[in-house]
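In our numbering, the protein residues as written are 3 to 181.
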Ligand code: IMP
Ligand code: MG
């Protein structure tokens, strides 16, 4: 285990197994509809995207958005699109792939944006859900795991851009971010 981690919450095996279940559920849910475009929010969701997409038995497309969020002046939070999708989403089924939903501000904005562009449907899959921290009401259609209110890293999730490559999800030692 990495020395900066105090405990492992979800092992790689547990995550892989859960992504298998989510993939099967997504496959069944879209089976009679147009296959979705999986919209991965960079960079944190790339491991989750890869793991879940392997288990979706539909001709999905993959696309990416990079977003910066701030909550400074505006209590609702604001997002800036650093990298936009390659394609038009009009009449498409969109499945947003996110690493973690915390306050919900980011996902609410992204969902509203894609709906305003004419998507047929916009659903959300998040590997982790920190439900305790929610401020914006936003439905998460597929949740990997409920996450305790602790700062977690690994399997795509970072602290200061590091620890994304850990194969598991763990709690970061407080001394790392308080020093
Ligand atoms: P929200 O807009 O508050 O829901 O913020 C979600 C974003 O905050 C995620 O995409 C992550 O980048 C980041 N985030 C929230 N909690 C954690 C955590 O425990 N570890 C790493 N990143 C986190
Ligand atoms: Mg993120």
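Virtual Cβ for every residue (Gly too), placed ideally from N, Cα, C.
Model, not experiment: these values are computed from the prediction.
Collapsing the DSSP output to three states places residue 99 in a strand.
Residue 161 is bridged by DSSP to 164. Cβ-Cβ separation between residue 135 and residue 151: approximately 6 Å, consistent with a contact (criterion under 8 Å). In this structure, the straight-line span from the alpha carbon of residue 9 to that of residue 105 is close to 23 Å. Rounded to the nearest whole angstrom, the CA to CA distance from residue 54 to residue 180 is 34 Å. In the assembly as shown, residue 156 is a buried residue. Its beta-carbon has 16 or more other beta-carbons within 10 Å.
In the structure shown, the three-state DSSP call for residue 156 is strand. Checking the DSSP bridge columns, you'll see residue 144 partnered with 127. Ranked by how close their Cα comes to the Cα of residue 51, the residues 161, 176, 146 have 146 in first place. In this structure, DSSP gives residue 30 a helical state, which the three-state scheme calls helix. Fewer than three pairs of CB atoms, one per stretch, sit closer than 8 Å, so the stretch 53 to 67 makes no contact with the stretch 160 to 175. DSSP places residue 114 in the helix class (H, G or I) of the three-state scheme. The beta carbons of residue 69 and residue 84 sit closer together than 8 Å. In the assembly as shown, residue 94 is a buried residue. Its beta-carbon has 16 or more other beta-carbons within 10 Å.
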